[in-house]
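When the letters of the sequence shown are read in order and numbered with mature numbering (1 follows the signal peptide of the UniProt record, and there is no 0), they come out as residues -20 to -1, 1 to 462.
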Amino acid sequence: MKIRELLVVLSLLVPAASVAQTAPDKTLSESENELLKTADEIAVSVGEFRGLKTLAPIKKGIKERSELREVLLQKLNEGVSDDDIAAEGKVYKRLGLVPQDLNYKEMLLDVLTEQIAGFYDQKTKELYVMRGIPMSLQRPAMAHELFHAIQDQHFSIDTLQAPFTALENGDYVLARGALIEGDATIVMIDFALFESNGLEPGKSIVDNPMVAGMLKTMSFENLSALESLGGAPPAAEEGEEAPTYEGSALAKAPAVFREMLMFPYFAGMRFVVAARIGRTWKDVDAIYQNPPSSTEHILHPEKYFAGDEPTFLEFNADAALPEHTKIYNTVMGEFMARLFFKEHLGDADETFVNAAKGWGGDRLIAYEKDGKTITVQVTNFDSWKDAEEYRDALTMAVKKRFPEIKTNQIQGEYGEAYCFLNGDERIYVERWGDLVLHIEGTPTDSASGRELDETTSKIREEVYSTLKRSKLSEEVARLKAK
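Structure representation (structure tokens):
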């Protein structure tokens, strides 16, 4: 499991069962028992306007923020190791996505424990709600959370996210999570309208063309929109100052992490809006039978509906790096490609968007030795032209990251290669037809005027000799047949 998967699983609510009427708990105050009763009523309302009703009971409880943090930390320790977290941080540092001196694990825990307002514990089958949140924020948040219960009852979230973990295909897991969270986010907005008698059963705010257009462009940068969706930090407990975004751990986190955290909600919401416009909720329900399998599908709903399928790439460079340890191996996806270019090229002219278009599939593997990380990534594109645009943006990003870097270029019949020398390390970028190979962190020995270190060339040879392409659906079928 990797961080992208955790951001999906450890959101306000993870896969849940449904809600039954709650008997009063004598250990809770009258207002807290009323809150749990309210959850039952909200679940019924959600079922009415969304057209999916709860099917089975779920336990509910109220906890202090400190108790929720402790449960979250326990679940983190169960789902991901310190080595997994450290490896992710090393890859992001190698690619220049987070500061070199960042304590990645500390940042991760600070953000997740600060933002948590409640979640469903899959082991105990209990929904935890945080004590002290104002009802004005609690009700829409519970609508969002309780809808995850309904999703799981009708579609089985475990089945939706199978057969990959983020260790194997983080892009796939993030895309499935975006469908789940995007649908629940629209439900949360619709719930507010339904409560004010502004929404008929089976209808949605998406049926208003003007509002649908607004939702399709909503992003994390629009902070007022974030707060209107109930995404503002929870209210402080008694004796604490109310948290603000400006002073929060989320605001202090690297931009790439903030965008990863919010992608399932905002991009997922935009996908569901596109799927719902001119259609019914039954049509959206049908998507769960064949969910999006890449962030490309989420970013470009038209590609999902056209049946565009990602390419599943496999390769290894183990033989070229016999003394190194493989620490990371996953699919990054179009969304992460966007984040890479946005970080290094900015977003003024949307180069980061255009450079990642045409993504067809990828795999990134990272190796480590003596504290140094080497990343090897192969990306497949829909056309040679798409690959050329990606190569151009990639070489531009390298030069912006390292203004004094030395560059050597080789032109061939089927592509071109760029070798960048940055101190005692090399960065290698090669386009070969519709493929782009990107290697970072290999050693160099070129003091004599020619490269004497063969590490990069050995990796290149090993990658191309082991590279295999197949349709993602074929790999899914193979894994499910095991």
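Where a beta carbon is used, it is the ideal one built from N, C-alpha and C, also for glycine.
N- and C-terminal bounds of the beta strand (DSSP E) containing residue i
{"i": "Glu384", "result": "Counting along the chain, Glu384 falls outside any beta strand (DSSP E), and DSSP gives it neither H nor E."}
{"i": "Tyr108", "result": "106 to 110"}
{"i": "Gly341", "result": "339 to 349"}
{"i": "Thr18", "result": "Counting along the chain, Thr18 falls outside any beta strand (DSSP E), though it belongs to the alpha helix (DSSP H) covering 10 to 30."}
DSSP state of residue i mapped onto helix, strand, coil
{"i": "residue 484", "result": "Here the chain covers residues -20 to 462 and nothing more, so residue 484 does not appear."}
{"i": "Thr424", "result": "coil"}
{"i": "Phe243", "result": "helix"}
{"i": "Gln391", "result": "strand"}
{"i": "Glu396", "result": "strand"}
{"i": "Thr145", "result": "coil"}
{"i": "Gln357", "result": "strand"}
{"i": "residue 470", "result": "The chain is shown only over -20 to 462; residue 470 falls outside these bounds and no answer can be derived."}
{"i": "Ile166", "result": "helix"}
{"i": "Glu330", "result": "coil"}
{"i": "Gly413", "result": "coil"}
{"i": "Arg430", "result": "coil"}
{"i": "Gly41", "result": "strand"}
{"i": "Lys33", "result": "coil"}
{"i": "Lys451", "result": "strand"}
{"i": "Val456", "result": "helix"}
{"i": "Ile278", "result": "helix"}
{"i": "Ala216", "result": "Reliability of the predicted coordinates at Ala216 is poor, the pLDDT of 43 falling under 50, and the value obtained from them is presented with this limitation in mind. Correct three-state label for Ala216: coil."}
{"i": "Gly258", "result": "coil"}
{"i": "Gly178", "result": "coil"}
Residues of its chain near residue i, where Cβ-Cβ distance is below 7 Å and the 5 sequence neighbours each way are ignored
{"i": "Pro120", "result": "Met168, Phe171, Ala172, Gly210"}
{"i": "Gly27", "result": "Lys33, Thr34, Ile130"}
{"i": "Pro143", "result": "Val456, Leu459, Lys460"}
{"i": "Pro181", "result": "Glu28, Phe29"}
{"i": "Asp414", "result": "Asn360, Phe361, Ser363, Trp364, Ala367"}
{"i": "Asp90", "result": "Ala229"}
{"i": "Ala373", "result": "Phe321, Leu325, Thr331, Ala335"}
{"i": "Val358", "result": "Leu293, Phe295, Asp342, Arg343, Leu415, Leu417, Val443, Leu447"}
Segment limits, alpha helix (DSSP H) that includes residue i
{"i": "Glu226", "result": "Element bounds for Glu226: n/a, residue is neither H nor E."}
{"i": "Gln133", "result": "115 to 135"}
{"i": "Glu323", "result": "313 to 325"}
{"i": "Ser439", "result": "Looking at the sequence shown, residue 439 is not Ser but Ile. First-last of the alpha helix (DSSP H) with Ile439: 435 to 446."}
{"i": "Lys462", "result": "Lys462 -> no alpha helix (DSSP H), and no H or E assigned at all."}
{"i": "Lys262", "result": "261 to 267"}
{"i": "Val186", "result": "Run containing Val186: none; DSSP gives neither H nor E here."}
Other residues of its chain near residue i: CB distance less than 8 Å, five sequence neighbours each side excluded
{"i": "Ile160", "result": "Val(-13), His128, Gln131, Ile137, Leu140, Pro244, Gly248"}
{"i": "Met198", "result": "Ala205, Phe246, Met249, Arg250"}
{"i": "Glu396", "result": "Arg371, Gln389, Ile390, Glu410, Arg411"}
{"i": "Arg381", "result": "Gly76, His324"}
{"i": "Ile185", "result": "Ile166, Ile169, Asp170, Leu173, Leu179, Val191, Ala192, Leu195"}
{"i": "Lys349", "result": "Leu301, Glu303, His304, Thr305"}
{"i": "Leu452", "result": "Tyr152, Ser273, Ser274, Glu289, Pro290, Thr291, Phe292, Gly341"}
{"i": "Asp425", "result": "Glu431, Leu432, Asp433"}
Exposure of residue i, with buried meaning 16 or more beta-carbon neighbours within 10 Å
{"i": "Asn149", "result": "buried"}
{"i": "Arg156", "result": "buried"}
{"i": "Gln80", "result": "exposed"}
{"i": "Phe285", "result": "exposed"}
{"i": "Arg343", "result": "buried"}
{"i": "Ser445", "result": "exposed"}
{"i": "Thr275", "result": "buried"}
{"i": "Tyr394", "result": "exposed"}
{"i": "Asp62", "result": "exposed"}
{"i": "Arg318", "result": "buried"}
{"i": "Leu432", "result": "exposed"}
{"i": "Leu53", "result": "exposed"}
{"i": "Arg406", "result": "buried"}
Close Cβ partners of residue i (< 6 Å) along its chain, the five nearest in sequence each way excluded
{"i": "Thr435", "result": "Thr422, Pro423"}
{"i": "Thr322", "result": "Here residue 322 turns out to be Lys, not Thr, going by the sequence shown. Closer than 6 Å at Cβ, skipping near neighbours: Phe332."}
{"i": "Tyr72", "result": "Val78"}
{"i": "Glu454", "result": "none"}
{"i": "Lys70", "result": "Thr353"}
{"i": "Met316", "result": "none"}
{"i": "Thr375", "result": "Tyr398, Val409"}
{"i": "Val253", "result": "Val186, Ala192, Leu195, Lys196"}
Residue ranges of each beta strand (DSSP E) run of no fewer than 3 residues wholly in the segment 280 to 316, ordered along the chain? 291 to 294, 305 to 310
Starting from the N-terminal side, write out each stretch of the alpha helix (DSSP H) that is 4 residues or longer and does not extend beyond the segment 60 to 86. 62 to 74
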